[in-house]
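Trainee:
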Amino acid sequence: MSTLQKKFVKGNEAVAMAAIEAGVRCYFGYPITPQSDIPEYLSRELPKTGGTFIQVESEIGAINMVLGASATGVRAMTSSSGPGISLKQEGISYMAGSELPGVIVDIMRSGPGLGGIDASQADYHQATKGGGHGGYRIIVLAPNSVQEMYDLTMLAFDLSDQYRMPAMVLADSVLGQMKESIVPNPRPQVALPDKDWAVRGTGGGQQHVVKSLYLGDGEMETFHWKMHARYQELADKESRWEEYQTADAELVVTAFGATSRIARTAVEMARAQGHKVGLLRPITLFPFPKKAYAELSDRCKNWLTVELSTGQMVDDVRLSVARDAEVDFYGRPPGAGSLPTPEELFEQIKKRV
Amino acid sequence: MKQVFAKPVSLKDVQTHFCPGCHHGSIHRLVAEALDQFGIAGQTIGCASVGCSVFLYGYFNIDVVESPHGRAPAVATGVKRARPDRIVFTYQGDGDLAAIGTSEIIHAANRGEKITVIFVNNTTYGMTGGQMAPTTMPGQKTSTSPYGRDIANDGRPFKMAELLSNLDGVAYAARVAVNSPKNVLQAKKVIMNAFQYQVEGKGLSFIEVLAACPTNWGMNALKANERVGSEMIPYFPLGVFKNNENL
Chain A
23 MSTLQKKFVK GNEAVAMAAI EAGVRCYFGY PITPQSDIPE YLSRELPKTG
73 GTFIQVESEI GAINMVLGAS ATGVRAMTSS SGPGISLKQE GISYMAGSEL
123 PGVIVDIMRS GPGLGGIDAS QADYHQATKG GGHGGYRIIV LAPNSVQEMY
173 DLTMLAFDLS DQYRMPAMVL ADSVLGQMKE SIVPNPRPQV ALPDKDWAVR
223 GTGGGQQHVV KSLYLGDGEM ETFHWKMHAR YQELADKESR WEEYQTADAE
273 LVVTAFGATS RIARTAVEMA RAQGHKVGLL RPITLFPFPK KAYAELSDRC
323 KNWLTVELST GQMVDDVRLS VARDAEVDFY GRPPGAGSLP TPEELFEQIK
373 KRV
Chain B
-12 MKQVFAKPVS LKDVQTHFCP GCHHGSIHRL VAEALDQFGI AGQTIGCASV
38 GCSVFLYGYF NIDVVESPHG RAPAVATGVK RARPDRIVFT YQGDGDLAAI
88 GTSEIIHAAN RGEKITVIFV NNTTYGMTGG QMAPTTMPGQ KTSTSPYGRD
138 IANDGRPFKM AELLSNLDGV AYAARVAVNS PKNVLQAKKV IMNAFQYQVE
188 GKGLSFIEVL AACPTNWGMN ALKANERVGS EMIPYFPLGV FKNNENL
């Protein structure tokens, strides 16, 4: 069980530690850089808790094992990076269509194709817009520290169970590979609904079916509207973000994940020179914290979005801010040597204040 | 009056959507009889596949998870590992198991997952309208092999029961047919054995069932039934290819 003694661990290890603390019973995965520390840790530690670890033949097999285990009502997860997450999209779509919980961790690497193993945020669209077929969304959480890799992994399990939809922890190779001190917090006590839909064998009682096929007149349409309402409820109740120095800001920088750490240092540099600059960091990417953007942009009209891509989250920022707000973009597409320095972002800030 | 024949209680009292002469109904019944025989329906979780067999939950009085195309052995792995005390089976067609799902079945078999796989081989994709399957016979005309399956272009049909019998994780591998009373009785015995192996916690049990698909073969029910005996069984021999009680 967790103690509150600090631990100095990699982001990927924090994810795995949090999964065990959250009560994960089954992990199914396949090796891929930069996330292989997660299956390595869980292959060692999960069996000690009576859980199941399988190194699967493919990411497709892995996500479908998550589907099967989750259908029985236990907590199940998988993890991967870009190319592997693409393969999992089939299963994620089926889980979304079957209203199944389950946690998917994506430690983003650069792409497209084989790309590279450097930090990237170019899978934002894939993660937040429903990466597979059919029109669905999943919960997407974006940590920016090793502590949050731990805390948000546990939150992903809770939100996933509560809203009966897959949840993704979307991080990148910087967060996965760097070491920081964390407090391994105990699993939060959250009142979660009974999984009275799970398949466990009827025991002579009512039949339970986990499925995504709807052929009856109007059934599929009804399903979509039901999920649409659930996404709205999620946005109303679960949107999370962090603001730094925004109260008097005349320019708001917005960034998620590892980029938000660099941006924060740049904002501190700007403040030290007397520039009124703040930072808005979304923690939930789906639901996107639209209200936070709308309210802050009622007052501050000057915005700068920073991403490790040619611009993906910036679309959501532009859709969320007040109509008369100006949203500028500065991006570094992923790949070796493209991670911006705080000084580089500070220069971009200075151009806009 | 003594009752000598009844519907298995594991089957629902509903009409199926299967075409006249289709063998799925007979195979469903044999599986249901096995669940009845062992009294395990209440502890059983079925993994449906994609194709005509997707409606498993509509006909069986058991809990069912629907699997993506070909992935039922992976889904069943997740189910069984999460609930090892339950009886878990997949029910898959040839397009599902022997084409898009080859990776999942081979690795589930190699891990020796303690599940039962019912594999229905009717040499065609039924639900999508009779396209060429990995089990389509040489020369057989389908909607995507209009000149007949050309082995130079398409290779030869998979013999899945023999192939899987070579893997150490497989406890039991057999091929049966339901085209005659004799074969039905044999199939029943073999399907019983398959579930017996799972009840006893041995490795994966794999039953290939040769089946007729009159609609997509362009035959009436009788002709299609005859074809199972005259064309399929000579190519796909019936028998038990693996019977390893020591796993």
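Just so you know, the sequences run in chain order A and B.
FYI, this note's numbering numbers position 328 of the first sequence as 350, with every residue one higher than the one before it.
FYI, this note's numbering numbers position 137 of the second sequence as 124, with every residue one higher than the one before it.
C-beta atoms are modelled at their ideal positions from N, C-alpha and C, and glycine is treated no differently.
In this text, all values refer to a predicted model and were calculated from it rather than measured experimentally.
So, under 8 Å CB-CB, G90(A) and V62(B) are touching, yes? Tell me the CB distance rounded to an integer number of Å.
Mentor: Counted from its first residue, the first sequence places residue 90(A) at position 68. Counted from its first residue, the second sequence places residue 62(B) at position 75. G90(A) to V62(B), Cβ: 4 Å. Contact.
Trainee: Helix, strand or coil: which one does DSSP assign to M119(B)?
Mentor: If you number the second sequence from 1, residue 119(B) lands on position 132. Strand.
Trainee: Quick one: what does DSSP say C322(A) is sitting in, helix, strand or coil?
Mentor: By one-based count along the first sequence, residue 322(A) stands at place 300. If DSSP states are grouped into helix, strand and coil, C322(A) belongs with coil.
Trainee: Beta-carbon within less than 7 Å of Q370(A)'s beta-carbon, same chain only, minus the 5 sequence neighbours each way: which residues are those?
Mentor: Numbered from 1 along the first sequence, position 348 holds the residue referred to as residue 370(A). Same-chain partners within the cutoff: L326 and Y352.
Trainee: Terminal residues of the continuous beta strand (DSSP E) containing M99(A)?
Mentor: Along the first sequence, read from residue 1 onward, the residue named residue 99(A) stands at position 77. A98 to S102 is the span of the beta strand (DSSP E), which, as asked, contains M99(A).
Trainee: Need the endpoints of the alpha helix (DSSP H) that G95(A) sits in, please.
Mentor: On the first sequence, residue 95(A) is found 73 positions in, with the first residue counted as 1. Segment: none, G95(A) is in no alpha helix (DSSP H) and carries neither H nor E.
Trainee: V66(B) touches chain A at which residues, Cβ-Cβ below 8 Å?
Mentor: Taking the first residue of the second sequence as 1, we reach residue 66(B) at position 79. Correct list: G90, A91, A93, T94 and V221.
Trainee: Would you mind working out which of A288(A), F310(A) and G135(A) sits nearest L301(A), comparing C-alpha positions?
Mentor: Numbered from 1 along the first sequence, position 279 holds the residue referred to as residue 301(A). Per the Cα distances, A288(A).
Trainee: For the beta strand (DSSP E) containing E213(B), name the first residue and the last one.
Mentor: What you label residue 213(B) is simply residue 226 of the second sequence in a count that begins at 1. Careful: E213(B) lies outside any beta strand (DSSP E), inside the alpha helix (DSSP H) at A208 to R214.
Trainee: Over the uninterrupted beta strand (DSSP E) stretch that includes T306(A), give me the two end residues.
Mentor: Along the first sequence, one-based indexing puts residue 306(A) at 284. Residues T306 to F308.
Trainee: Under 8 Å, Cβ to Cβ, is there at least one residue of chain A near Q24(B)?
Mentor: Stepping through the second sequence from its first residue, residue 24(B) is reached at position 37. Not an interface residue.
Trainee: Just by C-beta distance, which residues in the stretch 51 to 64 of chain B are closer than 8 Å to chain A?
Mentor: Residues V51, V52, E53, S54, P55, R58, A61, V62, A63 and T64.
Trainee: Which same chain residues end up closer than 7 Å to I115(B) when comparing Cβ atoms and leaving out the 5 residues on each side of it in sequence?
Mentor: In the second sequence, residue 115(B) corresponds to position 128, counting from 1. The question names Ile, but residue 115(B) is Thr in the sequence shown. For T115(B), where only same-chain residues beyond five positions count, there are no Cβ hits under 7 Å.
Trainee: Below 8 Å between beta carbons: does that hold for V107(B) and A174(B)?
Mentor: For the purposes of this step, residue 107(B) is taken as the residue at position 120 of the second sequence. For the purposes of this step, residue 174(B) is taken as the residue at position 187 of the second sequence. Taking 8 Å as the Cβ cut-off, V107(B) and A174(B) do not qualify as a contacting pair.
Trainee: In its own chain, which residues sit with a C-beta less than 8 Å from the C-beta of N170(B), not counting the 5 before and 5 after it?
Mentor: Within the second sequence, numbered from 1, the residue matching residue 170(B) stands at position 183. If we look at N170(B) and ignore the five residues flanking it on each side, its Cβ neighbours are V163, A164 and L225.
Trainee: Under three-state DSSP, which class holds G279(A)?
Mentor: Translated into positions along the first sequence, residue 279(A) becomes position 257. Here G279(A) sits in helix by DSSP.
Trainee: Are the stretch 178 to 188 of chain A and the stretch 350 to 368 of chain A touching by the rule of at least three beta carbon pairs closer than 8 Å?
Mentor: No: the two stretches stay apart, fewer than three of their Cβ pairs being nearer than 8 Å.
Trainee: From the DSSP output, in three-state form, read off R252(A) for me.
Mentor: As a first step, residue 252(A) must be located in the first sequence, where it is residue number 230. DSSP places R252(A) in helix when its eight states are reduced to three.
Trainee: Quick one: is R143(B) buried, meaning 16 or more other Cβ sit within 10 Å of its Cβ, or exposed?
Mentor: Within the second sequence, residue 143(B) is the residue found at index 156, counting from 1. Result: exposed.
Trainee: Taking all protein chains shown into account, decide if Y78(B) is buried (16 or more other Cβ within 10 angstroms of its Cβ) or exposed.
Mentor: For the purposes of this step, residue 78(B) is taken as the residue at position 91 of the second sequence. It counts as buried.
Trainee: With distances taken from CA atoms, which of C48(A), T150(A) and S132(A) is nearest Y253(A)?
Mentor: As a position in the first sequence, residue 253(A) is number 231, starting the count at 1. The shortest C-alpha separation from Y253(A) is found at T150(A).
Trainee: For S384(A), write down the residues that DSSP places opposite it in a beta bridge.
Mentor: Since the first residue shown for chain A is 23 and the last is 375, residue 384(A) is missing from the structure and cannot be characterised.
Trainee: Take the Cβ of A277(A) as the centre, count every other Cβ of all protein chains shown within 10 Å, and call the residue buried at 16 or more, exposed below.
Mentor: To locate residue 277(A), count along the first sequence from 1; it is residue 255. Result: buried.
Trainee: How would you label S195(B), buried or exposed, when you count the other beta carbons within 10 angstroms and need 16 or more for buried?
Mentor: Here residue 195(B) refers to the residue found at position 208 when the second sequence is read from its first residue. This sequence places Glu at residue 195(B); Ser is not what is there. Its Cβ being crowded by 16 or more others within 10 Å, E195(B) is buried.
Trainee: DSSP state of D337(A), grouped into three classes?
Mentor: Sequence index remark: in the first sequence, residue 337(A) carries index 315 (1-based). Helix.
Trainee: In angstroms, rounded to a whole number, what distance separates the CA positions of E260(A) and G124(A)?
Mentor: On the first sequence, residue 260(A) is found 238 positions in, with the first residue counted as 1. On the first sequence, residue 124(A) is found 102 positions in, with the first residue counted as 1. Their backbone Cα atoms lie some 17 Å apart in a straight line.
Trainee: Using the Cβ count rule (16 or more neighbours within 10 Å means buried), how would you classify E81(A)?
Mentor: For the purposes of this step, residue 81(A) is identified with residue 59 of the first sequence, where counting begins at 1. When all chains shown are included, E81(A) counts as buried.
Trainee: Just confirm the distance between the C-beta atoms of E53(B) and V162(A), as a whole number of angstroms; I'd bet it's less than 8 Å.
Mentor: Translated into positions along the second sequence, residue 53(B) becomes position 66. Translated into positions along the first sequence, residue 162(A) becomes position 140. Not quite, the Cβ-Cβ distance comes to about 25 Å (not below 8 Å), so this is no contact.
Trainee: First and last residue of the alpha helix (DSSP H) that includes F179(A)?
Mentor: On the first sequence, position 157 is the one that residue 179(A) refers to. From DSSP, the alpha helix (DSSP H) with F179(A) extends over V168 to Y185.
Trainee: Note down, in chain order, each residue of its chain lying with its Cβ closer than 8 Å to the Cβ of M124(B), except the 5 sequence neighbours on either side.
Mentor: Translated into positions along the second sequence, residue 124(B) becomes position 137. These residues qualify, in order along the chain: T110, R136, P144, E218, M219 and Y222.
Trainee: Do three or more CB pairs link the stretch 202 to 222 of chain A to the stretch 35 to 47 of chain A at distances below 8 Å?
Mentor: The answer is yes - the stretch 35 to 47 of chain A touches the stretch 202 to 222 of chain A, with three or more Cβ pairs under 8 Å.
Trainee: In angstroms with no decimal places, state the Cα-to-Cα distance between L122(A) and K217(A).
Mentor: Walking along the first sequence from the start, residue 122(A) turns up at place 100. Walking along the first sequence from the start, residue 217(A) turns up at place 195. One C-alpha to the other measures close to 10 Å.
Trainee: With DSSP collapsed to three states, give me the class of F75(A).
Mentor: The residue labelled residue 75(A) in the question sits at position 53 within the first sequence. It is a strand residue.
Trainee: Alpha helix (DSSP H) containing G12(B): first to last residue?
Mentor: Position 25 of the second sequence, counted from the first residue, corresponds to residue 12(B). First-last of the alpha helix (DSSP H) with G12(B): H11 to F25.
Trainee: G238(A) to A220(A), Cα distance in whole Å?
Mentor: Along the first sequence, read from residue 1 onward, the residue named residue 238(A) stands at position 216. Along the first sequence, read from residue 1 onward, the residue named residue 220(A) stands at position 198. Approximately 22 Å, taken between the alpha carbons.
Trainee: Straight-line CA distance for V84(A) to Q77(A)?
Mentor: Numbered from 1 along the first sequence, position 62 holds the residue referred to as residue 84(A). Numbered from 1 along the first sequence, position 55 holds the residue referred to as residue 77(A). The question names Val, but residue 84(A) in the sequence shown is Ala. Their Cα atoms are separated by approximately 8 Å.
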